[in-house]
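Visitor: Pasting a structure here, questions to come.
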Amino acid sequence: MDLDILKGELAEVEEILPEVCKCKETHDALLKFKEVIMPINDYNKLTELEVQFVNLDKPSFIKYSLYESVHKVGYHDLINATDLKRLYRKHGLEPTKGEFPDHIALLISFLSYLYLKLSIEFDEKTVKDLEDFKKKHIYDWIPKLAESLIDLPYPYFSSLGYLTIRLLECEKS
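What follows is the structure, encoded as structure tokens:
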């Protein structure tokens, strides 16, 4: 991701966060994450982050896996993947071929999509799918992942873990 885009998106989130979440701790967590991101102004620093990410993505670090099934059971679970693909398709979305549908970025994007869909048109079936999705694919593993990231010696990942926990707590309320 381009650094300027990331910084711009952070500014947008900082602007709208007080409207959607009144929790001071969540806003503070965003500011802490922003403090880590904003000084990165060259690709050498970005490369440093990429190296840290690659180090965390090794098989010996399953507790840091960004894939739901790997985090839960230690491998890519095809049954879980099939269930998620079916749910995505039910809502008119199609994961990219070859992409595992249980990556945290896809799960959070789908969560956002369901909220957007409900904000445009309220539908009881979508509400049920949203609640089931959160229970089955968000709250049962992402908080554990985020907690494990907090303890890392890498400021980017530890602040991202804390921000994730705060945002999930905000979403619950």
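Following my numbering, the numbering of the sequence shown begins with 4 at its first residue and continues without gaps.
C-beta: ideal position from N, C-alpha, C; glycine also.
Quantities reported herein were computed from a predicted structural model and do not represent experimental measurements.
In the DSSP assignment, the alpha helix (DSSP H) including residue 30 goes from what residue to what residue?
Guide: Working through the sequence shown from its first residue, we reach residue 30 at position 27. That run of the alpha helix (DSSP H) goes 27-40.
Visitor: Rank 97, 39, 116, 104 by C-alpha distance to the C-alpha of residue 1 and give the top, closest one.
Guide: What the structure shows of the chain is the stretch from 4 to 176, and residue 1 is not part of that stretch, so it cannot be assessed.
Visitor: By the 10 Å Cβ neighbour count, where 16 or more other Cβ atoms means buried, how is residue 36 classified, buried or exposed?
Guide: If you number the sequence shown from 1, residue 36 lands on position 33. Its Cβ being crowded by 16 or more others within 10 Å, residue 36 is buried.
Visitor: For residue 33, I'd like the list of residues in its chain whose CB is within less than 7 Å of its CB, leaving aside the five on either flank, ordered along the chain.
Guide: Residue mapping note: residue 33 aligns to position 30 of the sequence shown, counting from 1. Hits under 7 Å: 16, 17, 20, 166.
Visitor: In whole angstroms, give me the CA-to-CA distance for residue 143 and residue 114.
Guide: Counting from one through the sequence shown, the residue named residue 143 turns up at place 140. Counting from one through the sequence shown, the residue named residue 114 turns up at place 111. Those two C-alpha atoms are separated by around 14 Å.
Visitor: Determine, using beta-carbon pairs with one atom in the region 134-141 and one in the region 153-169, whether at least three such pairs fall under 8 Å.
Guide: Too few Cβ pairs lie closer than 8 Å, so no.
Visitor: Using the three-state DSSP reduction, which class does residue 79 fall into: helix, strand or coil?
Guide: Translated into the one-based positions of the sequence shown, residue 79 becomes position 76. Note: residue 79 maps to coil in three-state DSSP.
Visitor: Please return the same chain residues whose Cβ sits closer than 7 Å to the Cβ of residue 157, not counting the five positions on each side in sequence.
Guide: If you number the sequence shown from 1, residue 157 lands on position 154. The residues are 55.
Visitor: Between residue 95 and residue 57, what straight-line distance do the alpha-carbon atoms span, to the nearest angstrom?
Guide: As a first step, residue 95 is located in the sequence shown; it is residue number 92 there, counting from the start. As a first step, residue 57 is located in the sequence shown; it is residue number 54 there, counting from the start. Going by the C-alpha atoms only, they are around 33 Å apart.
Visitor: Quick check on DSSP: helix, strand or coil for residue 106?
Guide: If you number the sequence shown from 1, residue 106 lands on position 103. Residue state, collapsed to three classes: strand.
Visitor: Of the choices 42, 169, 107, 116, whose alpha-carbon is the least far from that of residue 72?
Guide: Along the sequence shown, read from residue 1 onward, the residue named residue 72 stands at position 69. Ranking 42, 169, 107, 116 by Cα distance to residue 72 puts 107 first.
Visitor: Could you spell out the range, first to last residue, of the alpha helix (DSSP H) harbouring residue 22?
Guide: Counting from 1 along the sequence shown, the entry for residue 22 is found at position 19. Element bounds for residue 22: 6-23.
Visitor: Just to confirm the assignment, what range does the alpha helix (DSSP H) spanning residue 135 have?
Guide: One-based indexing of the sequence shown puts residue 135 at position 132. Per DSSP, residue 135 belongs to the alpha helix (DSSP H) from 127-136.
Visitor: Enumerate in chain order the residues of its own chain whose CB-to-CB distance from residue 117 is below 8 Å, with the five nearest sequence positions on each side excluded.
Guide: The count along the sequence shown starts at 1 and reaches residue 117 at position 114. For residue 117, where only same-chain residues beyond five positions count, the Cβ hits under 8 Å are 94, 129, 132, 133, 136.
Visitor: Which residues bound the alpha helix (DSSP H) around residue 155?
Guide: For the purposes of this step, residue 155 is taken as residue 152 along the sequence shown, with counting starting at 1. It is not in any alpha helix (DSSP H) - residue 155 carries neither H nor E in the DSSP assignment.
Visitor: Would DSSP call residue 70 helix, strand or coil?
Guide: The sequence position of residue 70 within the sequence shown is 67, counting from 1. Residue state, collapsed to three classes: strand.
Visitor: Using the Cα positions of residue 173 and residue 84, report the straight-line distance between them to the nearest angstrom.
Guide: Residue mapping note: residue 173 aligns to position 170 of the sequence shown, counting from 1. Residue mapping note: residue 84 aligns to position 81 of the sequence shown, counting from 1. If I take the Cα positions, the gap works out to 28 Å.
Visitor: Can you list, in chain order, the residues of its chain whose CB lies under 8 Å from that of residue 140, leaving out five sequence neighbours each side?
Guide: The sequence position of residue 140 within the sequence shown is 137, counting from 1. The answer, listed in chain order, is 71, 87, 105, 110.
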